[in-house]
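*Asks:* Before I ask anything, let me first share the structure, which is written out below as structure tokens.
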Amino acid sequence: METPQTNDGRDQSTMQYSAAVIRRAQRAVWCSPFYPQLLAEMQLASVSVPTIAEDSGVLKGYTRQPLSEVSAESGLMWLAEVGILRREVDGQGLTDSFRLTPLGRQVVEDWRSQGCPDRRASLVDYIKNSIIRRLRVPEWLW
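Under the UniProt record's numbering, read the sequence shown as residues 1 to 142, first letter to last.
What follows is the structure, given as structure tokens:
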């Protein structure tokens, strides 16, 4: 089996991210309505929005509470903008499924190495995440 490569030919498993990038990614996950279990599942296969939305997401341990499809997709799109997820593409174009990026894989591995805690964000984390998400203020301005 070949090791996945980036567009410039580097091995994805050895990609290094700065501490700030990792912190931002972790904060986005902690502030999201999703349990890290969803990301762990996305390591194995893509997961579709309808699987995450409504009661299905709660029953599968993906969400903290039932989410509408619009809310679920919005949360997933934010994680995609942060760089944790990517949207799946098929022959017809974009699908309603998401999968982990190399950054997302690193976040999941860090979570697992810490014993899989159900970490929630602090008030400061929620405020930072909201400002960055809603106003698109670059974190380096802080």
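A virtual CB, placed ideally from N, CA and C, is assigned to each residue, including glycine.
Bear in mind the structure is a predicted one, so any value in this text is a computation, not a measurement.
#1: According to the Cβ coordinates, are Leu79 and Val124 closer than 9 Å?
#2: If distances are taken between C-alpha atoms only, which option among Ala40, Val58, Val89 comes closest to Ser113?
#3: Judging by CA-CA distance, which residue of Arg99, Glu81, Phe98 is the nearest neighbour of Arg24?
#4: Reducing DSSP to helix, strand and coil, say where Ser68 ends up.
#5: From Ala20 to Ser97, what distance separates their C-alpha atoms?
#6: If we call anything under 9 Å between Cβ atoms a contact, is Thr101 one with Gly75?
#7: Pop quiz: Ala45 and Gly57 are said to be a contact at Cβ under 8 Å. What is the actual Cβ separation, rounded to whole angstroms?
#8: Jot down the residue ranges of each uninterrupted alpha helix (DSSP H) in the region 28-65, minimum 4 residues, whole runs only, in chain order.
#9: Under 8 Å by Cβ, that's how I've got Tyr17 and Leu103 pegged, so tell me the actual separation to the nearest angstrom.
#10: Between Trp78 and the ligand COA, is there a pair consisting of the residue's CB and a ligand heavy atom that are separated by less than 8 Å?
*Replies:* Working from what's here:
#1: Within the sequence shown, numbered from 1, the residue matching residue 79 stands at position 79. Within the sequence shown, numbered from 1, the residue matching residue 124 stands at position 124. No.
#2: Here residue 113 refers to the residue found at position 113 of the sequence shown. For Ser113, the nearest C-alpha among the options comes from Ala40.
#3: Within the sequence shown, numbered from 1, the residue matching residue 24 stands at position 24. Of Arg99, Glu81, Phe98, the residue nearest in Cα terms is Glu81.
#4: Numbered from 1 along the sequence shown, position 68 holds the residue referred to as residue 68. DSSP places Ser68 in coil when its eight states are reduced to three.
#5: The count along the sequence shown starts at 1 and reaches residue 20 at position 20. The count along the sequence shown starts at 1 and reaches residue 97 at position 97. Going from the Cα of Ala20 to the Cα of Ser97 covers about 27 Å.
#6: For the purposes of this step, residue 101 is identified with residue 101 of the sequence shown, where counting begins at 1. For the purposes of this step, residue 75 is identified with residue 75 of the sequence shown, where counting begins at 1. It is not a contact, given that the beta carbons lie outside the stated cut-off.
#7: Taking the first residue of the sequence shown as 1, we reach residue 45 at position 45. Taking the first residue of the sequence shown as 1, we reach residue 57 at position 57. Rounded, the Cβ-Cβ distance is 16 Å, inconsistent with contact.
#8: 36-44, 49-52, 54-59
#9: Here the question's residue 17 lines up with position 17 in the sequence shown. Here the question's residue 103 lines up with position 103 in the sequence shown. Contact holds; Cβ gap of about 6 Å.
#10: The ligand content of the structure shown is nil, which means the ligand COA is not present either.
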